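Per the numbering used here, the sequence shown starts with residue 30, numbered consecutively.
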Amino acid sequence: MYQPPHFKETRPEVLHGLIRTHPLGLLISNGVDGPVANAIPFLLDADIAPNGRLRAHLAKANPQWKLLADNPASPVLVVFQGADAYVTPSWYETKRETGKVVPTWNYAIVQVRGTVRVIEDGEWIAQQITELTVSQEGNRSAPWAVTDAPPTYIQSQIKGIVGLEITVTSIEGKWKVSQNRPVADRVGVAEGLQGEASNPAAPDMAGLVRAWGGLDGN
């Protein structure tokens with residue numbers, strides 16, 4: 030990933046936080062005819078040394094799992110996308126001062142590389158889907174649980190999926206959130222994004238611009 034120094038994010042708690050907030054990752058691996066990619070939700074085990082572990086599952090009807098099983102030494106890439114937003118030059122104070130500005134796109138992203146193990150053990154898969162469900166249902170007023178469905182139905186579903194365990198070999202983050210702009214431009218971007226009704230992620234990006242741009246409390 031192209032990494033200008035001012036956009037590079039290395040703090041584990043920040044990288045892990047984005048993965049947990051945006052767990053739908055794009056799993057990319059090598060296929061016979063080129064790259065293969067599928068979006069699937071992941072669980073992060075950050076305390077597994079040295080770099081953590083990701084757990085997920087794929088449908089057996091999805092051919093990617095067989096490619097992974099047949100090439101266990103081949104590395105995989107998982108991309109987690111956080112908030113993103115178009116940034117118009119109209120928000121920059123620099124536009125009014127010099128006019129020397131162009132549009133850009135702000136985003137926060139984490140890329141994880143690792144080696145994958147395909148798991149067909151029913152108990153492991155049951156544990157993974159249970160923990161994944163709890164991670165998404167836990168804060169709901171009436172959370173759904175895997176045990177709410179008939180056991181025979183769940184077992185039939187488990188037979189149709191395989192587990193994935195990715196040992197993380199490297200993790201890197203990029204927070205491109207206007208921190209390279211002058212302070213007045215950062216203020217303009219944060220205020221502009223806060224009022225951007227067309228993008229549901231704009232308020233989140235406004236918060237990132239304020240936090241990474243040193244504007245919180247101003």
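Using N, Cα and C, we set each Cβ at its ideal position, and we do this for glycine too.
This one's a predicted model, so the numbers in the text were calculated from it and none came from an experiment.
Please name the residue, chosen from the options, that lies closest to residue i on a Cα-to-Cα basis.
i	options	result
GLU225	VAL116, ARG125, GLY151 and GLU201	VAL116
VAL238	GLY111, LEU96, ALA90 and VAL216	VAL216
PRO104	VAL163, GLU122, ASN228 and SER58	SER58
LEU161	GLU152, ALA171 and VAL175	VAL175
ALA219	ASN209, SER227, PRO232 and PRO33	PRO232
TRP134	PRO180, MET234 and PRO33	MET234
GLY81	VAL145, LYS203 and GLU166	VAL145
VAL212	ALA171, THR123 and LEU44	THR123
ALA85	PRO180, ILE138 and GLY54	GLY54
VAL108	SER170, TYR136, PRO33 and LYS129	TYR136
PRO34	LYS203, GLN223, ALA240 and ALA230	LYS203
ALA75	GLY60, VAL130 and VAL141	VAL141
THR39	TRP153, ILE138, SER164 and ALA230	ILE138
LEU83	GLY63, LEU106 and ALA178	LEU106
LYS129	LYS37, ARG210, GLN32 and GLY63	ARG210
PRO172	PHE36, LYS37 and VAL163	VAL163
VAL197	ALA78, SER185, GLY236 and ASP62	ALA78
Let me check one thing: in DSSP terms, what residues is residue i bridge-paired to?
i	result
LYS203	LYS37 and ILE138
ARG84	LEU72 and GLU194
LEU110	Looking at the sequence shown, residue 110 is not Leu but Gln. DSSP lists ILE138 as partners of GLN110.
PRO118	For PRO118, which the question treats as bridged, DSSP gives no partner whatsoever.
GLY60	GLY63
THR144	THR196
THR133	VAL116
GLY54	ILE69 and PHE109
Going by beta-carbon coordinates alone, are residue i and residue j separated by less than 8 Å?
i	j	result
GLY143	HIS51	no
MET30	GLU149	no
PRO132	PRO118	yes
PRO187	GLY151	According to the sequence as given, residue 187 is Ile; it is not Pro. Yes; because the gap between Cβ atoms is below 8 Å, this pair is in contact.
VAL147	ALA114	no
VAL65	LEU96	yes
SER207	GLY242	yes
TRP120	GLY46	no
TRP73	ILE48	According to the sequence provided, residue 73 is Leu. The question's Trp does not apply to it. Yes.
Applying the criterion that 16 or more other CB atoms from any shown protein chain within 10 Å of the CB defines a buried residue, is residue i buried or exposed?
i	result
LEU56	buried
LYS205	buried
SER199	exposed
GLU42	exposed
ASP214	buried
Counting Cβ pairs, one atom from each stretch, are 3 or more of them under 8 Å apart for the stretch 84-97 and the stretch 61-75? Touching, yes, given that three or more Cβ pairs across the two stretches are closer than 8 Å.
Using 8 Å as the threshold, is the stretch 188-198 in touch with the stretch 153-163, meaning 3 or more CB pairs across them? Result yes; three or more Cβ-Cβ pairs closer than 8 Å.
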